[in-house]
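Novice: Handing you a structure now.
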Amino acid sequence: MPTGRQNIAKGRQLQKNRFRKRFKQARAFTLPEVIVSFSVLAMVVTSAAGLLTVVIRTNADNVNSLVANGLAQEGLESVRFMRDSNALLGLDFDGTKGTVKSQSIWGAEWAATNVLGPSSYYLLLSNFEPQVNCGVNNLADCLPVSLKSVDITDDIWTEFNVISLEQLANAGARVYLREQNNEQNGGQGSGGNGAFRYMQIGPNDSQPADARPTQYSRLIRLEPLQSTDEPDAVVDVLRVSSIVTWADANGRPRKVVLTSDLTDWK
Amino acid sequence: MIKKIINRTVAAKRSGHSGRVGGLAGFTLIELLLAISIFMVFMLAATNSFLEIIRTQKTANETRLIYAELRNFVDYVTNETREGAIDYFCYQQDTLTDLDYTAASLVRCDENAEFGLSAKNNLRTISADGLSSSIIKFLPQEQTVCLKRYRNVNNSWQLEEGYGEGVSEGGCGSGYKEFAFANLAVRDLRFEILPAGDPSAAAAQTNLATQLKPMVRMYLQVGSKIDTVKFDLKYQTLLTVRN
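Protein chains in written order, with my numbering: chain A, 7 to 272; chain B, 561 to 803.
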């Protein structure tokens, strides 16, 4: 009759034998197996590395968003400029005067935003060489910026993709870059230290010969939040959004939106 | 362990057996060469990917440094414009030819900077309380951004601390400091001021072209001082004065 200690020793011996047997029977990997496994591993490592590289590069794409932010800020500040200038010129909040509100000095369509209604979209047109002497009759020649209505609705943002970018560009929202020779800076011309301007071109305006389309599109969105035409409203409030879109290095649509609520502080 | 393996190998040889430990089959030379070759191919691919990551990471970091400097400068100009006002007093002197720059009020205007409201290389602002003023000036040939700040002490305009007469950094001229950029190369900087006349001036009251909110349009073209980061960025924005 074996004792308990002998049983344990016997069990260990059996385990050892089983292990040795299994080890001797174990087949090594064949060459194709090794090649396939290494290939799979190599594919995983290289694709992971590629993904990481793309992530890092996308991060560096932030520089483009800085330009987009500058353009968006230009849009927002332009509407603020219009609001403040209206007060200085003695005009109503929307740039109209008197009871006939059919026309605003900043673009005929802005007058419609004085009453509550749906949001509307505009291009920001710049007059880079405004007249320096103006009276009532030629005031429009002295204004550095104006708005032009475009046929865009809020629906465009429901599925914001590459097609949306094309739609915006087709609607005239494309931002152009105009570069000129600048003798002051050595006259190195386009691509050198030439003077440049980002601009939008109106639907009826011809594109200047030295202007080329950029990847950016810009829209100004005006949404009346409160109107004194309503019984309880004490002040007009206009929500202004300046939206700049572009495609990043990987072709994905990007968007910068700056929003501010402007009140009729006059 | 190694000693044990050697001893067992020697013992096996003495006993007439092959040198294989425990009678197990080892790798042949061909197998070994094949394994090493496969491993080398794998290592090559992995190393290339790794090096690409390092390179991209380095470029991204350098780009971020440039981006940070750019943001810093843009914020500086934004604050100067928004917190203060356009120093129309100095700009309007460009129509005069016989200026007396020793006059107390004109000291801050700096006769050496190129005057002009239309896309010129300088911006003059004055604080809302009228007690400090600054000039941002760009030298196109040297591609240097210069700063000068004045403070009004007892009705006398004096250079702020750190801006000494006779001290000139980066060819900026007396009293200027250079806006130093470690990685950012400023290639062009221009400011366009609208309206082209002080709205509060008495003579401007009848000219509607001046009855507009003052604002500044800034054009900034930058590149990189770092060889590995190549870009040409054209930045444009508009800043309205809040005072």
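For every residue, glycine included, the Cβ atom is placed at its ideal position computed from N, Cα and C.
Taking 7 Å as the limit between beta carbons, can you name the residues of its chain near Ser84 of chain A, skipping five residues before and five after?
Specialist: The residue you call residue 84 of chain A lines up with position 78 of the first sequence. In its chain, beyond the 5 residues on either side, Leu130, Val151 have a beta carbon closer than 7 Å to the beta carbon of Ser84 of chain A.
Novice: Step through the CB atoms of chain A and report whether any lies within less than 8 Å of the CB of Gly757 of chain B.
Specialist: The residue given as residue 757 of chain B occupies position 197 in the second sequence. Chain A, which has a Cβ nearer than 8 Å to the Cβ of Gly757 of chain B, makes this yes.
Novice: What are the start and end residues of the beta strand (DSSP E) that includes Leu225 of chain A?
Specialist: By one-based count along the first sequence, residue 225 of chain A stands at place 219. Unbroken beta strand (DSSP E) run through Leu225 of chain A: 217-232.
Novice: Verify the CB distance criterion: does Ala201 of chain A have a CB-CB separation below 8 Å to chain B?
Specialist: Residue 201 of chain A sits at position 195 when you count from the first residue of the first sequence. Chain B contact via Cβ: present.
Novice: How is Leu707 of chain B classed by DSSP in three states: helix, strand or coil?
Specialist: Counting from 1 along the second sequence, the entry for residue 707 of chain B is found at position 147. In the structure shown, Leu707 of chain B sits in a strand (DSSP, three-state: E or B).
Novice: Just the Cα atoms here: how many angstroms apart are Met603 of chain B and Ser43 of chain A?
Specialist: Numbered from 1 along the second sequence, position 43 holds the residue referred to as residue 603 of chain B. Numbered from 1 along the first sequence, position 37 holds the residue referred to as residue 43 of chain A. Computed Cα separation, rounded: 14 Å.
Novice: Compile a chain-ordered list of the residues in the region 779-790 of chain B whose CB is closer than 7 Å to at least one CB of chain A.
Specialist: Of all residues in the region 779-790 of chain B, Tyr779, Gln781 have a Cβ within less than 7 Å of some Cβ in chain A.
Novice: Is it buried or exposed for Met600 of chain B, if we count other Cβ within 10 angstroms and need 16 for buried?
Specialist: The residue labelled residue 600 of chain B in the question sits at position 40 within the second sequence. That one is exposed.
Novice: Residue range of the beta strand (DSSP E) that Ile626 of chain B falls in?
Specialist: The residue labelled residue 626 of chain B in the question sits at position 66 within the second sequence. Where Ile626 of chain B is concerned, there is no enclosing beta strand (DSSP E), although the alpha helix (DSSP H) it sits in stretches over 589-643.
Novice: How would you call Phe698 of chain B, buried or exposed, if buried means at least 16 neighbouring beta carbons within 10 angstroms?
Specialist: What you label residue 698 of chain B is simply residue 138 of the second sequence in a count that begins at 1. Buried, since its Cβ has 16 or more Cβ neighbours within 10 Å.
Novice: Classify Trp116 of chain A as helix, strand or coil using the three-state DSSP reduction.
Specialist: In the first sequence, counting from the first residue as 1, residue 116 of chain A sits at position 110. The answer is helix: DSSP assigns Trp116 of chain A an H, G or I state.
Novice: With DSSP as the reference, please indicate the residues paired to Thr251 of chain A in a beta bridge.
Specialist: As a position in the first sequence, residue 251 of chain A is number 245, starting the count at 1. Its beta-bridge partners are A:Ser223, A:Lys261.
Novice: Which chain A residues sit within Cβ distance under 9 Å of Gln765 of chain B?
Specialist: Counting from 1 along the second sequence, the entry for residue 765 of chain B is found at position 205. Near Gln765 of chain B there are no residues of chain A at all, since even the closest Cβ is about 11 Å away, more than 9 Å.
Novice: Considering only the beta carbon of each residue, do Arg684 of chain B and Arg802 of chain B sit closer than 8 Å?
Specialist: As a working mapping, residue 684 of chain B is identified with position 124 in the second sequence. As a working mapping, residue 802 of chain B is identified with position 242 in the second sequence. Taking 8 Å as the Cβ cut-off, Arg684 of chain B and Arg802 of chain B do not qualify as a contacting pair.
Novice: Please name the residue, chosen from B:Gly690, B:Leu625, B:Arg709, that lies closest to Ile696 of chain B on a Cα-to-Cα basis.
Specialist: Along the second sequence, read from residue 1 onward, the residue named residue 696 of chain B stands at position 136. It is B:Arg709 whose Cα lies nearest to the Cα of Ile696 of chain B.
Novice: Taking 8 Å as the cut-off, decide whether the C-beta atoms of Cys706 of chain B and Cys732 of chain B are in contact.
Specialist: Here residue 706 of chain B refers to the residue found at position 146 of the second sequence. Here residue 732 of chain B refers to the residue found at position 172 of the second sequence. Yes, these two residues count as a Cβ contact at 8 Å.
Novice: For Phe202 of chain A, which beta-bridge partners are listed by DSSP?
Specialist: Taking the first sequence and counting its residues from 1, one reaches residue 202 of chain A at position 196. According to DSSP, Phe202 of chain A bridges with A:Glu185.
Novice: How would you list, in chain order, the residues of chain A whose beta-carbon sits under 7 Å from the beta-carbon of Ile696 of chain B?
Specialist: In the second sequence, counting from the first residue as 1, residue 696 of chain B sits at position 136. Ordered by position in chain A, no residue passes the 7 Å Cβ test against Ile696 of chain B, which lies about 17 Å from the chain.
Novice: Taking DSSP as the reference, what is the three-state secondary structure of Val46 of chain A?
Specialist: What you label residue 46 of chain A is simply residue 40 of the first sequence in a count that begins at 1. Helix.
Novice: Report yes or no: is there a C-beta of chain B within less than 8 Å of the C-beta of Leu95 of chain A?
Specialist: The sequence position of residue 95 of chain A within the first sequence is 89, counting from 1. Chain B, which has a Cβ nearer than 8 Å to the Cβ of Leu95 of chain A, makes this yes.
Novice: Tell me the DSSP secondary structure of Arg24 of chain A in three-state form.
Specialist: If you number the first sequence from 1, residue 24 of chain A lands on position 18. Of the three classes helix, strand and coil, the one that applies to Arg24 of chain A here is helix, per DSSP.
Novice: Rounded to the nearest angstrom, what separates Pro230 of chain A and Gln781 of chain B at their Cα positions?
Specialist: Within the first sequence, residue 230 of chain A is the residue found at index 224, counting from 1. Within the second sequence, residue 781 of chain B is the residue found at index 221, counting from 1. Cα-Cα distance, rounded: 37 Å.
Novice: Beta-carbon of Ser196 of chain A versus every beta-carbon of chain B: anything under 8 Å?
Specialist: Translated into positions along the first sequence, residue 196 of chain A becomes position 190. Unreliable placement is indicated for Ser196 of chain A, whose pLDDT of 37 sits below 50; no coordinate value is reported for it.
Novice: Could you spell out where the alpha helix (DSSP H) holding Val168 of chain A opens and where it closes?
Specialist: Within the first sequence, the letter at position 162 stands for residue 168 of chain A. Per DSSP, Val168 of chain A belongs to the alpha helix (DSSP H) from 168-174.
Novice: Comparing alpha-carbon positions, which option in B:Ala769, B:Leu749, B:Leu611, B:Phe741 lies nearest Tyr779 of chain B?
Specialist: By one-based count along the second sequence, residue 779 of chain B stands at place 219. For the residues B:Ala769, B:Leu749, B:Leu611, B:Phe741, the minimum Cα distance to Tyr779 of chain B belongs to B:Leu749.
Novice: How would you write the range of the alpha helix (DSSP H) that Asp93 of chain A sits in, first residue to last?
Specialist: Working through the first sequence from its first residue, we reach residue 93 of chain A at position 87. Sequence check: residue 93 of chain A is Ala here, not Asp. Looking at the DSSP string, the run of the alpha helix (DSSP H) that includes Ala93 of chain A is 68-95.
Novice: Go to Phe698 of chain B, then tell me how far its beta strand (DSSP E) extends in each direction, as first and last residue.
Specialist: Translated into the one-based positions of the second sequence, residue 698 of chain B becomes position 138. 692-699 is the span of the beta strand (DSSP E), which, as asked, contains Phe698 of chain B.
Novice: Give me the chain B residues within the contact set of Val69 of chain A, using Cβ-Cβ distance strictly less than 7 Å, ordered along the chain.
Specialist: Residue numbering aside, residue 69 of chain A sits at position 63 when the first sequence is read from its first letter. Those are Thr623, Tyr627, Phe791, Leu793, listed as they occur along chain B.
Novice: Identify the contact partners of Ser91 of chain A in chain B, using a Cβ-Cβ distance below 8 Å as the criterion.
Specialist: Looking up residue 91 of chain A in the first sequence gives position 85. In chain order: Gln771, Leu772, Lys773.
Novice: Is there a Cβ of chain B sitting closer than 8 Å to that of Val142 of chain A, yes or no?
Specialist: Along the first sequence, read from residue 1 onward, the residue named residue 142 of chain A stands at position 136. Interface residue, yes.
Novice: Determine the direct distance from the alpha carbon of Phe134 of chain A to that of Phe751 of chain B, and round the result to whole angstroms.
Specialist: Here residue 751 of chain B is taken as the residue at index 191 of the second sequence, counted from 1. Here residue 134 of chain A is taken as the residue at index 128 of the first sequence, counted from 1. Their Cα atoms are separated by approximately 12 Å.
Novice: Counting only beta-carbon separations shorter than 8 Å, does Ser84 of chain A have a partner in chain B?
Specialist: As a working note, residue 84 of chain A is residue 78 in the first sequence. Closer than 8 Å to some Cβ of chain B, the Cβ of Ser84 of chain A qualifies, so yes.
Novice: Give the interface partners of Thr800 of chain B over in chain A, defined as CB-CB distance under 9 Å, in chain order.
Specialist: Reading the second sequence from its first residue, position 240 is the one you call residue 800 of chain B. Thr800 of chain B reaches chain A at Glu83, Ser84, Arg86, Phe87, Asp90, counting residues in chain order whose Cβ is nearer than 9 Å.
Novice: Rounded C-beta distance between Gln221 of chain A and Trp252 of chain A? I'm assuming under 8 Å.
Specialist: Against the first sequence, residue 221 of chain A aligns to sequence position 215. Against the first sequence, residue 252 of chain A aligns to sequence position 246. Their Cβ separation, rounded to whole angstroms, is 5 Å, which keeps Gln221 of chain A and Trp252 of chain A in contact under 8 Å.
Novice: Using a Cβ-Cβ cutoff of less than 6 Å, which residues in the same chain neighbour Glu729 of chain B once the five nearest sequence positions on both sides are dropped?
Specialist: As a position in the second sequence, residue 729 of chain B is number 169, starting the count at 1. Shown here for Glu729 of chain B: same chain residues with a beta carbon closer than 6 Å to its own, the five before and five after excluded, namely Lys737, Glu738 in chain order.
Novice: Whole-angstrom Cβ separation of Trp112 of chain A and Leu145 of chain A, contact assumed at under 8 Å?
Specialist: Counting from 1 along the first sequence, the entry for residue 112 of chain A is found at position 106. Counting from 1 along the first sequence, the entry for residue 145 of chain A is found at position 139. Not really, about 11 Å apart at Cβ, beyond 8 Å.
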